[in-house]
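Residue numbering for the sequence shown follows my numbering, beginning at 316 and increasing consecutively. To start, the structure under review is shown below, and the notes come after it.
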Amino acid sequence: MILPQGWKLIEKTETDSTNLDVKKLPAGSDKTAVVADVQSGGRGRLGRPWVSPRGNLYISLCLEKIPLAMAGMYSFLTAVSLAQAMERLCSGIDVKCKWPNDLLVGGKKISGILLETDGVDRLIAGVGVNIVSFPETGMLYRATSLKNEGFDVARDEMAQAFLLCFDYWDNRLKTEGAAPLLDAWRERARGIGGPISVNLPEGTVRGTFYGLDKDGCLLLNKDGEIIRITAGDVFFGDRK
């Protein structure tokens with residue numbers, strides 16, 4: 316596998332969680348990726364289980380010395396990098412970014428992202444991509460895989476393309492700021508201008524997906540009032 320300059324790769328046959336593996340890495344492991352064939356304890360956002368059979372991509376990246384003010388941008392950076400990797404490998408694919416951390420194909424979830432911090436000096440970007448299989452039950456959203464959508468991609472091809480795209484956007488974020496990255500995310504965004512509902516801890520709010528602010532927060536237009544949302548589960552359409 317061809318890696319971007321300065322990156323290291325640790326490959327595992329089976330592990331509990333690649334994010335946990337990154338947490339165990341010693342200091343000075345910046346730009347280290349851990350990839351596994353199978354995860355026995357994969358997790359998604361809010362601790363939800365991520366079903367992790369053989370054949371899909373499970374990879375976590377170790378990033379050190381990321382300024383706290385920039386950390387939130389890495390969810391968008393990871394999503395855009397994954398979308399570009401799929402676009403390069405799968406001719407004609409229409410990948411959509413779903414706020415805050417999913418990718419969709421045909422309206423169904425094909426990839427999820429889990430960002431975690433470890434202390435004050437380490438950011439972990441965990442990624443799961445459904446390449447050959449996907450869970451058909453027990454999911455908050457319907458899912459699919461690249462194979463199910465008619466695309467034949469090897470796991471290592473996807474890992475390599477993702478890392479190359481990630482390194483490109485990481486360099487751009489650090490030199491140009493967040494604006495180009497957020498523009499690339501908006502170009503692929505699902506649902507801007509349409510009706511959405513957002514499940515929040517205090518209840519569900521409904522309105523029109525107005526866009527993102529400069530920090531990447533979701534802006535919801537509810538009867539003319541713009542509401543800024545930092546986290547929540549988004550559903551499209553007039554879901555009651």
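All C-beta atoms in this analysis are idealised placements derived from N, C-alpha and C, irrespective of residue type, glycine included.
Judged by pairs of C-beta atoms under 8 angstroms, the stretch 468-477 does not touch the stretch 336-347, as fewer than three such pairs exist. Counting only the Cα atoms, residue 516 lies some 17 angstroms from residue 414. In the DSSP assignment, residue 379 falls outside any alpha helix (DSSP H) and within the unbroken beta strand (DSSP E) covering 372-379. Contact between the stretch 391-405 and the stretch 439-451 is present, with at least three C-beta pairs closer than 8 angstroms. For residue 320, no alpha helix (DSSP H) encloses it, and the DSSP letter there is neither H nor E.
The continuous alpha helix (DSSP H) containing residue 334 extends over residues 333-338.
Residue environment: residue 347 is assigned as buried (16 or more neighbouring CB atoms within 10 Å of its CB, all protein chains considered).
With respect to the C-alpha of residue 410, the residue from 433, 503 and 497 having the closest C-alpha is 503. CA-CA distance, residue 418 to residue 461, rounds to 12 angstroms. Comparing alpha carbon positions, the residue from 416, 406 and 369 closest to residue 505 is 416. DSSP, read as helix, strand or coil, puts residue 510 in strand. In the three-state scheme derived from DSSP, where H, G and I count as helix and E and B as strand, residue 550 is classed as strand. In the structure shown, the three-state DSSP call for residue 456 is coil.
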